[in-house]
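>
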Amino acid sequence: MKKIIIVFVLVFATHLAHAQYKGQFRGIHAYEMTTGKGFFGMNFTGEYFPLNYFSIAPSVTFFLPATGNARGFDLNARYYLTEKEKQWYALFGYGHYTRKFEFNPKETERFNSINLGLGGMLKIRDELGFNPEIRYQPIGRNELIFKLGIVYFIN
Numbered sequence: 001m002k003k004i005i006i007v008f009v010l011v012f013a014t015h016l017a018h019a020q021y022k023g024q025f026r027g028i029h030a031y032e033m034t035t036g037k038g039f040f041g042m043n044f045t046g047e048y049f050p051l052n053y054f055s056i057a058p059s060v061t062f063f064l065p066a067t068g069n070a071r072g073f074d075l076n077a078r079y080y081l082t083e084k085e086k087q088w089y090a091l092f093g094y095g096h097y098t099r100k101f102e103f104n105p106k107e108t109e110r111f112n113s114i115n116l117g118l119g120g121m122l123k124i125r126d127e128l129g130f131n132p133e134i135r136y137q138p139i140g141r142n143e144l145i146f147k148l149g150i151v152y153f154i155n
């Protein structure tokens, strides 16, 4: 009888676990703030898990400088350290940043950088959660980027 109860509990627990498994997709809408120039930006990220606990997350950010326009493109690899309701990850990736100035259209800033950071997926419901993240770009921009977003767990 004890074995049957243990098997039942284990099967029930595996169906309740919300982990990061191969084939899952996530959509993220976030806001970013940089430390160097103090830009504020809107971020759109997609996340796909080709392997368990490992995801690829391409994103685009539209920054709002005082003059001109700026965009950031990132391609990050995330490795999840925990699962369940609070999922913490470490990230490593590539970033590209472009800024065009309004008063001198020929002047453009471009930076390529490496992204190093930590973040999390904090579930509030089965399909929604928060995504805090901090990234450091040691090459190129040499800035910290703080991100807070809403996650939609697609599957």
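First residue of the sequence shown: 1, per full-length UniProt numbering; consecutive thereafter. We treat Cβ as the ideally placed atom computed from N, Cα and C, and that holds for glycine. As the structure is a computational prediction, the values presented were derived from the model and not from experiment.
Pick out the complete beta strand (DSSP E) segments inside the stretch 83 to 146, 3 residues or longer, and give them in chain order.
Within the stretch 83 to 146, the complete beta strand (DSSP E) runs of at least 3 residues are 86 to 100, 108 to 123, 128 to 137.
> Counting pairs of beta carbons, one from the stretch 138 to 148 and one from the stretch 120 to 128, are three or more of them closer than 8 Å?
No contact exists between the stretch 138 to 148 and the stretch 120 to 128.
> Quick one: does Glu107 have its CB under 8 Å from some CB of chain C?
Of the chains in the structure shown, none is chain C; there is only one protein chain.
> Quick one: what's got a C-beta closer than 6 Å to Ile28's C-beta in the same chain, skipping five residues either side?
Within the same chain, Ile28 has close Cβ partners Thr45, Asn131, Gly149, Val151.
> Can the beta-carbon of Asn76 be found less than 8 Å from the beta-carbon of Ala90?
No; because the gap between Cβ atoms is not below 8 Å, this pair is not in contact.
> Between Asp74 and Ser55, is the Cβ-Cβ spacing less than 8 Å?
Cβ distance not < 8 Å, so Asp74 and Ser55 don't count as in contact.
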